[in-house]
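Below is one structure, written out as structure tokens; the observations come after it.
Protein chains: 2
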Amino acid sequence: MAENNNKTGGFKRQTITEAVAEALREEILSGQQKEGAQLRQDAIASRFNVSRIPVREALRQLEAEGLVTFYAHKGAVVSSLSREEIRELFDIRRLLEGDLFARAIPKMQKELIQDAEDILDRYDTALENGEVSLWGELNAEFHHILYIAADRPKTLAIVQNLHNNIDRYLRIQLHSAGARKNARDDHWGLLKHCKEGNVEAAIKLLDSHIQAGCDDLIEFLDAQAGN
Amino acid sequence: MAENNNKTGGFKRQTITEAVAEALREEILSGQQKEGAQLRQDAIASRFNVSRIPVREALRQLEAEGLVTFYAHKGAVVSSLSREEIRELFDIRRLLEGDLFARAIPKMQKELIQDAEDILDRYDTALENGEVSLWGELNAEFHHILYIAADRPKTLAIVQNLHNNIDRYLRIQLHSAGARKNARDDHWGLLKHCKEGNVEAAIKLLDSHIQAGCDDLIEFLDAQAGN
DNA sequence: CAAATCTATATTGCATAGAAGATGAGATTA
DNA sequence: TAATCTCATCTTCTATGCAATATAGATTTG
Numbered sequence: 001m002a003e004n005n006n007k008t009g010g011f012k013r014q015t016i017t018e019a020v021a022e023a024l025r026e027e028i029l030s031g032q033q034k035e036g037a038q039l040r041q042d043a044i045a046s047r048f049n050v051s052r053i054p055v056r057e058a059l060r061q062l063e064a065e066g067l068v069t070f071y072a073h074k075g076a077v078v079s080s081l082s083r084e085e086i087r088e089l090f091d092i093r094r095l096l097e098g099d100l101f102a103r104a105i106p107k108m109q110k111e112l113i114q115d116a117e118d119i120l121d122r123y124d125t126a127l128e129n130g131e132v133s134l135w136g137e138l139n140a141e142f143h144h145i146l147y148i149a150a151d152r153p154k155t156l157a158i159v160q161n162l163h164n165n166i167d168r169y170l171r172i173q174l175h176s177a178g179a180r181k182n183a184r185d186d187h188w189g190l191l192k193h194c195k196e197g198n199v200e201a202a203i204k205l206l207d208s209h210i211q212a213g214c215d216d217l218i219e220f221l222d223a224q225a226g227n
Numbered sequence: 228m229a230e231n232n233n234k235t236g237g238f239k240r241q242t243i244t245e246a247v248a249e250a251l252r253e254e255i256l257s258g259q260q261k262e263g264a265q266l267r268q269d270a271i272a273s274r275f276n277v278s279r280i281p282v283r284e285a286l287r288q289l290e291a292e293g294l295v296t297f298y299a300h301k302g303a304v305v306s307s308l309s310r311e312e313i314r315e316l317f318d319i320r321r322l323l324e325g326d327l328f329a330r331a332i333p334k335m336q337k338e339l340i341q342d343a344e345d346i347l348d349r350y351d352t353a354l355e356n357g358e359v360s361l362w363g364e365l366n367a368e369f370h371h372i373l374y375i376a377a378d379r380p381k382t383l384a385i386v387q388n389l390h391n392n393i394d395r396y397l398r399i400q401l402h403s404a405g406a407r408k409n410a411r412d413d414h415w416g417l418l419k420h421c422k423e424g425n426v427e428a429a430i431k432l433l434d435s436h437i438q439a440g441c442d443d444l445i446e447f448l449d450a451q452a453g454n
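Going down the list, the sequences are from chains A and B.
If you count the first sequence from 1, position 123 lands on 123 in our numbering, and the numbers rise without skipping.
One rule links them: number in our numbering = place in the second sequence (from 1) + 227.
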């Protein structure tokens, strides 16, 4: 607990509440805490060597983000999404990310496209080496860099939250090699359209890319539920 | 849908945290707590006759909703939005509400349209009688009923949150009689398109309706800042 | 007189503890 | 046997208190 002790020169002071929120969020996103799991406050508190108060505050924040659900006097559990809700979140993504992408493409600088290219290269090597956790990170990083030039912080925050609510399901689906390869091809295609400034083609591809991801995921979940 | 009529003493049907969150949210939405206002925990706690713990948890939730901002060791203040952020939120509304509306119109039942009509009638009388607070409520109720048939809870929740972030600015603008009358005409037009099942015209009108609201608001804010 | 430093006070952040509500196993009854 | 009740136990929920931090005014210093 001595790592928080930045008395001099500490620009960013983090309270315990925020640190716990971040840690728990990461655990949920990574699937370490699975959907429906009970989040017992004193267990979490003793795991982080803090009291239950900052744990509770962190859980309230995650509740507002949609990642956990509170039941009065029964505690918090990791939220779960129905098929319909998953589809709905993907539909919202198509709308918002399409808008972001269309706004971003005309404003992209060369170096930004270069950065995106670097990410895709690393993505490809991660794919070959089967580094699953890296794959997810780079995928998120790539999509993020595509939208950053749009300069739309509020939209980006919503999109980020949508990803936070979906990612733990997507992570399950990473086992589908076919989906990964399709995603890779799509990504290079998206980048090509960016370079050429072809907004219409780019958006169309993004739309089908997200839709395909959704369909793959649902199919995977159904298959998993059926076995 | 928040009828909270127990002002003195104990909150009963919820946890105190949730009750405080609801009450504070309402105060911010209504403009009773203005943007930039310091939300001192002790003052709020003693005002509701509770301790600071549920107050802090409520504030964390409102933070995640975007209504307040925490500064470590300095406390929470009511969030404020720049012109650009306001515009952005309205743009997101156009996207999401357009989608909701398009999905809802084909599924609307007669009685639902009747309910919407009733709301508009009450809206008109409220307009004539100058009942400002009622106006805002009915406006929200009308828009909500237009989207409910879409059966898209996640989208609706996001839209609801967008409204929560915008409404206190809109409420300032209610003084513009012209805007109110334009809104009324738009609303009747929207309902007419619903009855006729004319999705395309309905969406187009909704889009310009929201856009006009945004333009009016920005203009109003600029004029107010300039005086 | 201005700038820096110190001190007092107010406010937040967190821990501890006890009250309130939920859960489940064993006892009791029909 | 089956259903219901009771009680012990666990967990959450909230209050209280203390420590850490920020802020403003007073004091000192150059």
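Idealized CB from N, CA, C, for every residue including glycine.
Since the model is a prediction, treat every value here as computed from it, not as a measurement.
Please list, in chain order, the chain B residues whose beta carbon lies closer than 9 angstroms to that of residue i.
i               : result
Asp99 (chain A) : Asp318, Ile319 and Leu322
Does DSSP classify residue i as helix, strand or coil?
i                : result
Gly405 (chain B) : helix
Lys50 (chain A)  : Just to set this straight, residue 50 (chain A) is Val in the shown sequence, not Lys. Residue state, collapsed to three classes: coil.
Leu308 (chain B) : coil
Leu162 (chain A) : helix
Gln38 (chain A)  : strand
Ala140 (chain A) : helix
Gln260 (chain B) : coil
Gly453 (chain B) : helix
Arg103 (chain A) : helix
Glu97 (chain A)  : helix
Gly236 (chain B) : Reliability of the predicted coordinates at Gly236 (chain B) is poor, the pLDDT of 32 falling under 50, and no value is obtained from them.
Gly189 (chain A) : helix
Asp378 (chain B) : coil
Gly440 (chain B) : helix
Glu65 (chain A)  : coil
Glu3 (chain A)   : Reliability fails at Glu3 (chain A), whose pLDDT of 32 lies under 50, so the model's placement of it is uncertain and the value that follows must be treated cautiously. In the structure shown, Glu3 (chain A) sits in a helix (DSSP, three-state: H, G or I).
Counting only Cβ pairs nearer than 8 angstroms, list the residues of chain B close to residue i.
i                : result
Gln61 (chain A)  : Arg287, Gln288, Glu290 and Ala291
Lys107 (chain A) : Those do not exist, as Lys107 (chain A) stays about 15 angstroms from chain B at its closest Cβ, beyond 8 angstroms.
Glu85 (chain A)  : Pro380 and Lys381
Just to make sure I have the definition right: I need the residues of chain B whose C-beta is within less than 7 angstroms of the C-beta of residue i. Which are they?
i               : result
Arg56 (chain A) : Glu284
So is the beta-carbon of residue i under 7 angstroms away from any non-hydrogen atom of the ligand NAP?
i                : result
Thr242 (chain B) : Ligands in the displayed structure: none, and consequently the ligand NAP is not present.
Just to confirm the assignment, what range does the alpha helix (DSSP H) spanning residue i have?
i                : result
Gly302 (chain B) : From DSSP, Gly302 (chain B) is part of no alpha helix (DSSP H) but of the beta strand (DSSP E) over Gly302 to Val305.
Gln114 (chain A) : Lys110 to Asn129
Glu254 (chain B) : Ile243 to Leu256
Just curious, the beta strand (DSSP E) that residue i is in, first and last residue?
i                : result
Thr296 (chain B) : Val295 to Tyr298
Counting only Cβ pairs nearer than 8 angstroms, list the residues of chain A close to residue i.
i                : result
Glu315 (chain B) : Arg152, Pro153, Lys154 and Thr155
Inspect the CB distances between the segment 429-446 of chain B and the segment 289-299 of chain B and report whether three or more fall short of 8 angstroms. no
Are at least three pairs of beta-carbons, each pair with one atom in the segment 332-351 of chain B and one in the segment 436-444 of chain B, less than 8 angstroms apart? Output reads no: the segment 436-444 of chain B does not touch the segment 332-351 of chain B.
If the cut-off is 9 angstroms on Cβ atoms, which residues from the segment 362-387 of chain B count as contacting chain A, listed in chain order? Listed by position along the chain: Asp378, Arg379, Pro380, Lys381, Thr382, Ala384 and Ile385.
contact_flag[the segment 371-384 of chain B, the segment 74-92 of chain A] where n(CB pairs < 8 angstroms) is 3 or more: Flag = yes, the segment 371-384 of chain B and the segment 74-92 of chain A touch.
Three or more C-beta pairs closer than 8 angstroms, one from the segment 176-183 of chain A and one from the segment 315-329 of chain B: is that the case here? The answer is no - the segment 315-329 of chain B does not touch the segment 176-183 of chain A, with fewer than three Cβ pairs under 8 angstroms.
Near-chain A residues of the segment 270-282 of chain B (beta-carbon distance less than 8 angstroms), N- to C-terminal order: Ile280
For the segment 243-253 of chain B against the segment 277-289 of chain B, do three or more pairs of beta-carbon atoms, one drawn from each stretch, fall closer than 8 angstroms, so that the two count as touching? yes
Evaluate contact between the segment 321-334 of chain B and the segment 444-451 of chain B, counting only Cβ atoms and requiring at least three cross-stretch pairs below 8 angstroms. no
Do the segment 250-263 of chain B and the segment 21-29 of chain A touch if we need at least three Cβ pairs shorter than 8 angstroms? no
Quick check: the segment 128-136 of chain A against the segment 39-58 of chain A, are there 3 or more CB pairs under 8 angstroms? no
Specify whether the segment 152-172 of chain A and the segment 106-118 of chain A touch according to this definition: at least 3 beta carbon pairs, one from each stretch, less than 8 angstroms apart. no
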